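One structure below.
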Amino acid sequence: MEIKNTKVYGLEESIMASHYPMSTVDFLAYENYPSEKDWERARKLGRASLGSGHDNYLKGIIVQADFRAPNYLWPQIQRYHFLDIVSSQSKMHRLPSMDMKKQCNEYVLPETIAMVEKLSEEFNKNPTSKNFHTLLSNTPQGIYLTARITTNYLQLKTMFAQRQKHRLDDWRKDFAKWCYSLPHFIELTQKPRAETKEED
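Residue 80 in the working numbering sits at position 15 of the sequence shown; the count goes up by one each step and never skips.
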């Protein structure tokens with residue numbers, strides 16, 4: 066998995082808004098930057114147990130990025146309710162034009178790539194429904210497809226908890242590493258290691 070072109074929106078505003086449940090003020094002054102007290106509250110709420118609802122403000126921290134992932138990973142990515150696909154590559158539209166050597170991961174056998182290239186050539190010469198379905202049905206799971214996604218820190222907190230020890234490198238290495246790179250993500254969503262060890 067490759068993740069590029071990441072943008073994070075609403076970080077400071079959501080940290081400020083985490084004060085609303087205990088506030089008697091109608092509107093917060095968002096022109097002010099979060100104080101240390103705001104950060105302290107945001108860390109405490111953000112590290113609450115999954116599903117407790119105390120970390121709700123994390124929904125306001127919006128993340129967009131381009132995910133380039135093998136075909137077998139997309140059903141796992143799409144199972145998350147608050148992760149939307151903005152736009153994605155389409156096998157329906159572009160499969161016969163794709164460069165299979167560049168489009169597949171390192172686990173796809175050269176013989177498989179050669180076979181798909183042959184089927185693609187056959188379809189391009191004779192674009193029948195049967196030839197397209199044959200090409201599509203024999204495309205390997207290791208074909209990379211890119212999509213722009215939009216999600217939020219609350220959903221990523223759940224995904225990180227579920228996927229950081231997954232058997233697929235795409236989750237365990239690539240996705241987890243990306244989460245670590247998001248501004249203040251670990252600080253706002255994960256308990257410090259010493260605190261975690263004490264609870265175990």
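Just so it is clear, CB atoms sit at the ideal spot from N, CA and C, and this is done for glycine as well. Just so it is clear, the structure is predicted and the values come from calculations on it, not from any experiment.
So, under 8 Å CB-CB, residue 220 and residue 135 are touching, yes? Tell me the CB distance rounded to an integer number of Å.
As a working note, residue 220 is residue 155 in the sequence shown. As a working note, residue 135 is residue 70 in the sequence shown. Not really, about 21 Å apart at Cβ, beyond 8 Å.
So, does the CB of residue 250 fall closer than 8 Å to a CB anywhere in chain D?
In the structure shown, chain D cannot be found, because there is only a single protein chain.
Considering only the beta carbon of each residue, do residue 113 and residue 80 sit closer than 8 Å?
In the sequence shown, residue 113 corresponds to position 48, counting from 1. In the sequence shown, residue 80 corresponds to position 15, counting from 1. In this structure, residue 80 does not lie closer than 8 Å to residue 113 by Cβ.
Quick one: residues in its chain with C-beta nearer than 8 Å to the C-beta of residue 103, no 5 flanking neighbours on either side, listed in chain order?
On the sequence shown, position 38 is the one that residue 103 refers to. Cβ neighbours of residue 103 beyond the five flanking positions: 80, 81, 83 and 84.
Nearest residue (CA-CA) to residue 159, options 229, 228, 209 and 131:
As a position in the sequence shown, residue 159 is number 94, starting the count at 1. Of the candidates 229, 228, 209 and 131, 209 places its Cα closest to the Cα of residue 159.
Within a Cβ cutoff of 6 Å, which residues of the same chain sit near residue 100, ignoring the five residues on either side of it in sequence?
Along the sequence shown, one-based indexing puts residue 100 at 35. Taken in chain order, the list of residues that qualify is empty.
List in chain order: all unbroken beta strand (DSSP E) runs of 3+ residues lying wholly within the region 107-184.
127-135 and 149-153
Compute the Euclidean distance between the alpha carbons of residue 262 and residue 256, then round it to the nearest angstrom.
Here the question's residue 262 lines up with position 197 in the sequence shown. Here the question's residue 256 lines up with position 191 in the sequence shown. Its pLDDT being 44, under 50, residue 262 is placed unreliably by the model, and nothing is read from it.
CB of residue 214 within 8 Å of CB of residue 173, strictly:
What you label residue 214 is simply residue 149 of the sequence shown in a count that begins at 1. What you label residue 173 is simply residue 108 of the sequence shown in a count that begins at 1. For residue 214 and residue 173, no; Cβs fall outside 8 Å.
Beta-ladder partner(s) of residue 210, from DSSP
Position 145 of the sequence shown holds residue 210. Residue pairing of residue 210 in beta bridges, as defined by DSSP: 134.
Please classify residue 90 as buried or exposed, where buried requires at least 16 neighbouring CB atoms within 10 angstroms.
Taking the first residue of the sequence shown as 1, we reach residue 90 at position 25. Its Cβ having fewer than 16 others within 10 Å, residue 90 is exposed.
Grouping DSSP H, G and I as helix and E and B as strand, with all else coil, what is residue 215?
Looking up residue 215 in the sequence shown gives position 150. Here residue 215 sits in strand by DSSP.
Does the region 66-79 come within contact of the region 245-253, defined as at least 3 CB pairs closer than 8 Å?
Yes, the region 66-79 is in contact with the region 245-253.
If you measure from the CB of residue 161, is any heavy atom of the ligand COA nearer than 7 Å?
With respect to the ligand COA, the structure offers nothing, as it holds no ligand at all.
Applying the 10 Å Cβ sphere with the 16-neighbour rule, what's the burial state of residue 88?
What you label residue 88 is simply residue 23 of the sequence shown in a count that begins at 1. Burial call: exposed.
Burial state of residue 265, where buried means 16 or more other Cβ atoms lie within 10 Å
The count along the sequence shown starts at 1 and reaches residue 265 at position 200. Unreliable positioning characterises residue 265 in this predicted model, as indicated by a pLDDT of 38, which lies under 50. A coordinate reading is not provided.
Give me the residue from 128, 111 and 127 with the minimum Cα distance to residue 120.
Translated into positions along the sequence shown, residue 120 becomes position 55. The residue from 128, 111 and 127 with its alpha-carbon nearest to that of residue 120 is 111.
Provide the residue span of the alpha helix (DSSP H) that contains residue 199, from first to last.
Numbered from its first residue, the sequence shown carries residue 199 at position 134. 194-202 is the extent of the alpha helix (DSSP H) around residue 199.
What are the start and end residues of the beta strand (DSSP E) that includes residue 69?
Position 4 of the sequence shown, counting from 1, holds the residue named residue 69. Counting along the chain, the beta strand (DSSP E) containing residue 69 begins and ends at 67-74.
First and last residue of the uninterrupted alpha helix (DSSP H) at residue 241
Here residue 241 refers to the residue found at position 176 when the sequence shown is read from its first residue. Note, residue 241: alpha helix (DSSP H), 241-246.
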